[in-house]
């Protein structure tokens, strides 16, 4: 999806910058398989998440040519429909699939509108509205990121006993910042594909109750932009 969007909008000055919050050895095969023609980076220490208070994927923020935040970090076209999935057959209700399609189209149409119209787009927030929507991290979150980076450094050291200590630091980071799924995934058990999608993941999702896994982006309905 992001590649086709980039191809469609690059002549309008639009660029995608994809950042994987993961270890290089885990993220690189996915990046190479995608063969994207836009920049793809790996942020193993989650510096970007620390700077912009990112907690999950896919999240995106919109920056204009001057580097100003046009839309703060928000869910990029995903929904919680997967929570209605049958966990034995991996099928989803038609209603959940339809809602996922609707939300994805709404988000990407808004992005197209901004790429074409710039600040005239109804989806581009002025500085005041963008600042009002920013979620600033609390002290516990800042400390969580520091503990997480220490854990990552210990994992890379290769010293005897450091791996276990690293897991302890990263577990404490998650305890202090439970909203960060990106941070939690780094120490979670992985399946054969390298994804943290096993029983531990589903137990954590179920524990959310009525709280969202993907907080809905506040994107208003608008007419589809004309082709250009």
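Numbering (this note's numbering), first residue to last: 1 to 228.
Don't be surprised by glycine CBs; every beta carbon is placed ideally from N, CA and C.
- In the displayed model, residue 54 falls within coil according to three-state DSSP, outside both helix and strand.
- A residue is called buried once 16 or more other Cβ atoms fall within 10 Å of its Cβ, and residue 209, having fewer, is exposed.
- Under the three-state reduction of DSSP, residue 69 is assigned to strand.
- Counting along the chain, residue 154 sits inside the alpha helix (DSSP H) bounded by residues 139-157.
- Per the C-alpha coordinates, the member of 9, 56, 131, 178 positioned closest to residue 71 is 131.
- Taking a C-beta distance under 9 Å as the contact criterion, residue 50 and residue 142 qualify as a contact pair.
- Secondary structure at residue 75: strand, using DSSP grouped into helix, strand and coil.
- Only exposed fits residue 15, as fewer than 16 other CB atoms lie within 10 angstroms of its CB.
- Ranked by Cα distance from residue 181, the options 61, 56, 1 are led by 56.
- Between residue 74 and residue 218, the C-beta gap is smaller than 9 Å, which places the two residues in contact.
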